[in-house]
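Take a look at the structure set out below.
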Amino acid sequence: MTQLIDQFSAYADWRASAAETVTRLRNWLSRNEVGDAQSDLRLQYLLDRLRDDKLTVAFVAEFSRGKSELINAIFFADYGDRILPSSAGRTTMCPTELQWSKGARPELRLLPIRSRERQAPVSELKRYPEEWQVVPLQALDAAGLQAALARVGETTRVSQEEAERLGFIIDPKGEQGLKPGADGLIEMPSWRHAVIQFPHPLLEQGLVVLDTPGLNAIGAEPELTLSMLPSAHAVLYILAADTGVTQSDLAVWRDYVQGAGSRQRGRLVVLNKIDGLWDGLRDDAQIAAEIDKQVSSVADTLDIDASAVFPVSAQKGLVARINGDAELLERSRMTALEQALTGELLPAKQDIVRDDALAETSEVFAQTRGLLEARLASLREQLQELTDLRGKNQSVIEYMMRKIRTEKEDFEQGLQKYYAVRSVFSNLTNSLLANIGMDALRDETRRTREAMMESTFTKGLRDAMEGFFQHLRSNLQRSTGEIAEIIKMLDAMYKRFSVEHGLKLPPPEAFSTLRYEKEIERLESAFNRQLNTTLTLVTTEKHTLTQKFFETVAVQARRTFELANRDVEQWLRAVMSPLETQVREYQIQLKRRLESVKRIHQATDTLEDRVEELRQGETSVLGMLDELEALQQELAQRLGVEHGEATETRRAA
């Protein structure tokens, strides 16, 4: 685990280094009074993400594939024993998160299974501590952790009616749901979700381990597949070497791993329990050939490259680490998996963080540079005007005053057009937010719920749910058209002010709703697999189906639109900011020019003083441009990109 800790530590240091430079940039903007509220918000938002960055690794498998043992072998061997319960049969009965946050208390938090009756998703219930049972982790040694964490596997027996009411599918064969016992009762998890908090070295670095239950329990908690798995940065899908890919394994892979979003980087397949082939009758070459054959078969069945399949023995790897047996560790092949995990997870996550940091800061750098260059141009123009006045008579100075007043009047006329654009911008903004805003989503959610409750046939239920997605897509498409209109209008205004008044304005920053459209498509695909099937529609009571749809699909759609709203509102503020800042700066410089010439008109001996003042101002602005360039180069270096490469990345974006 030392290598993992070192790599995670290096990643944490990388984030801290970038955050330090962003903080310096933010302070520099404030100290030199060249920032604005929007730039400050963007940098603060970036700092929050850099400082509270999490990396989620999800472990997915059917039961008895050695999933918990694999987690023990990778992360917890240094405790000298198993930490997560790992034995024959089912051990993980509910989704379990292992994490740590600065200032947290070591504890096990358990959400009772009957919380499903509250019609609230796990993410919302996390806000209410009173809904959870809390078990303090007094002893952080192996024995203390084992005793507390064994509760994750607790079960309870209920009637079939109650199990169905809580969202579980009942299947007499046990293939597509929970199988009734001889007494007709159903054994189901006691807990809906578990959160384990303790100060493990990797968890302290921001790692979150998500341990998932088997297929039947996964299907009973759609939020897991609609939100948690798609947002995981890496998913390890575990198979057993002795069984290969069973039908239930294939169902989990297709529905919950391969179908959990379009991003396939960081999806690794682990072929566990290869020690079952160490029967003492075959030599190493024969065993290796058998393992290669199994890997090839798994890759063909799952339709993936064989290089993404990692044969291991988690149990032998754990034993090897506890006993310091290097030979057994090598034979377990655990090291290759860990190298692939960090090779996939950290670079992919680092790329995302790097791109976010460049995107947030590039506009701030460009806007600040544009402001300083406009200020420099104005100072040089004033300096040239005053230098030309040396030795001139009063009539020339009066002419200069009239010229500046004329420029001021022309600019004020241009401001009338600017205010008109602001008015149109406001109207377009209102229209955009009316389509993509939360009020529109709430209206559609209410309409869909009413349509489902009023429906008496399966077709009505299906039409209502499918109509929900059609309406969301339509709203996003209309929003795309309004965004294009806003950009076109602002681009024309930017060009007008650049030509008529010499303002240095880059083209308006573009904005795309594609990521939200893709998320709605992914959500609809998951909905079609899990809820919109003939079997589910026919066998699920209307009230239960409606509840499940709004607890999972509608909640996830709301999160997507909340994110879209936040991003759109931030973009709307940012897209007007360069023009507003430059207009304000131009007004200030015009006023200073006029006042300067007035003073010279009244007292000629102030001319040289004013010239010297302008030269000092020119030197100061040039110095700030150099400092800004140095900060941008430093940030690019901290992020691990060349300065020119960062510029090209911004242009491409």
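Per UniProt numbering, the sequence shown starts with residue 1, numbered consecutively. Backbone N, C-alpha and C define an ideal beta-carbon position, used for all residues, glycine too.
Endpoints, beta strand (DSSP E) assigned at residue i
{"i": "Pro112", "result": "Glu107 to Pro112"}
{"i": "Glu97", "result": "Thr96 to Gln99"}
{"i": "Val309", "result": "Val309 to Pro311"}
Under the three-state DSSP convention, the category residue i falls into
{"i": "Trp571", "result": "helix"}
{"i": "Gln258", "result": "coil"}
{"i": "His193", "result": "strand"}
{"i": "Tyr399", "result": "helix"}
{"i": "Val34", "result": "coil"}
{"i": "Glu541", "result": "coil"}
{"i": "Met334", "result": "helix"}
{"i": "residue 724", "result": "Residue 724 lies beyond the range of the chain shown here (1 to 653); nothing can be said about it."}
{"i": "Gly181", "result": "coil"}
{"i": "Arg157", "result": "strand"}
{"i": "Leu341", "result": "helix"}
{"i": "Phe76", "result": "coil"}
{"i": "Phe549", "result": "helix"}
{"i": "Gly370", "result": "helix"}
{"i": "Val245", "result": "coil"}
{"i": "Ile170", "result": "strand"}
{"i": "Asp351", "result": "helix"}
{"i": "Ile71", "result": "helix"}
{"i": "Glu648", "result": "For Glu648, the predicted model reports a pLDDT of 45, less than 50, meaning its position is unreliable; a value from the coordinates is still stated below. The answer is helix: DSSP assigns Glu648 an H, G or I state."}
{"i": "Leu210", "result": "strand"}
{"i": "Ile5", "result": "helix"}
{"i": "Ile588", "result": "helix"}
{"i": "Ile83", "result": "coil"}
{"i": "Met188", "result": "strand"}
{"i": "Ser64", "result": "coil"}
Contacting residues, own chain, Cβ-Cβ under 7 Å from residue i (five flanking each side not counted)
{"i": "Gly437", "result": "Asn565"}
{"i": "Leu47", "result": "Ala19, Val22 and Thr23"}
{"i": "Gln38", "result": "Arg573, Ala574 and Ser577"}
{"i": "Arg380", "result": "Glu618"}
{"i": "Asp275", "result": "Ser313, Gln315 and Lys316"}
Residue burial classification, residue i (beta-carbon count within 10 angstroms, cutoff 16)
{"i": "Pro506", "result": "exposed"}
{"i": "Glu648", "result": "In this predicted model, Glu648 has a pLDDT of only 45, less than 50, meaning its place in the structure is not dependable enough to derive any value."}
{"i": "Ser262", "result": "Annotation note: pLDDT 45 at Ser262 (below 50); position unreliable, coordinate value reported separately. When all chains shown are included, Ser262 counts as exposed."}
{"i": "Asp242", "result": "exposed"}
{"i": "Tyr256", "result": "buried"}
{"i": "Tyr11", "result": "buried"}
{"i": "Pro230", "result": "buried"}
{"i": "Gly317", "result": "buried"}
{"i": "Val538", "result": "exposed"}
{"i": "Asn72", "result": "buried"}
{"i": "Gln247", "result": "exposed"}
{"i": "Phe527", "result": "buried"}
{"i": "Gln3", "result": "exposed"}
{"i": "Arg116", "result": "buried"}
{"i": "Asp439", "result": "exposed"}
Spatial neighbours of residue i in its chain, beta-carbon cut-off 8 Å, leaving aside the 5 residues before and after
{"i": "Val208", "result": "Lys54, Leu55, Thr56, Val57, Glu97, Leu98 and Gln99"}
{"i": "Val34", "result": "Thr368, Leu371, Leu372 and Met624"}
{"i": "Thr387", "result": "Val611"}
{"i": "Met493", "result": "Lys417, Tyr418, Val421 and Leu579"}
{"i": "Ile520", "result": "Phe469, Leu472, Arg473, Leu476, Ala557 and Thr560"}
{"i": "Ala464", "result": "Thr448, Ala451, Met452 and Ser455"}
Own chain, CB closer than 6 Å to residue i, minus 5 neighbours either side, in chain order
{"i": "Gln196", "result": "It is Ile, not Gln, that sits at residue 196 in the sequence shown. So the list reads Leu98 and Leu108, once near-sequence residues are dropped."}
{"i": "Val641", "result": "none"}
{"i": "Tyr418", "result": "none"}
{"i": "Pro136", "result": "Glu107"}
{"i": "Glu360", "result": "Arg42 and Leu46"}
{"i": "Ala148", "result": "Leu108, Val135 and Leu137"}
{"i": "Lys408", "result": "Leu590"}
The alpha helix (DSSP H) enclosing residue i, as first and last residue numbers
{"i": "Ile238", "result": "No alpha helix (DSSP H) contains Ile238, which is instead part of the beta strand (DSSP E) from Ala234 to Ala240."}
{"i": "Gln205", "result": "Neither: Gln205 is in no alpha helix (DSSP H) and is coded neither H nor E."}
{"i": "Leu318", "result": "Ala314 to Asn323"}
{"i": "Thr56", "result": "From DSSP, Thr56 is part of no alpha helix (DSSP H) but of the beta strand (DSSP E) over Leu55 to Val60."}
{"i": "Val270", "result": "Counting along the chain, Val270 falls outside any alpha helix (DSSP H), though it belongs to the beta strand (DSSP E) covering Arg267 to Asn272."}
{"i": "Val122", "result": "Val122 to Leu125"}
{"i": "Arg615", "result": "Leu607 to Leu639"}
{"i": "Gly144", "result": "Ala142 to Leu149"}
{"i": "residue 666", "result": "Missing from the structure shown is residue 666; the chain here goes from 1 to 653 and no further."}
Cβ-heavy atom distance, residue i to the ligand MN, below 8 Å
{"i": "Gln44", "result": "With respect to small molecules bound, the structure shown includes none, and the ligand MN cannot be examined in it."}
3-residue-minimum beta strand (DSSP E) runs that sit fully inside the region 437-515, ordered along the chain:
None, since the region 437-515 contains no complete beta strand (DSSP E) of that length.
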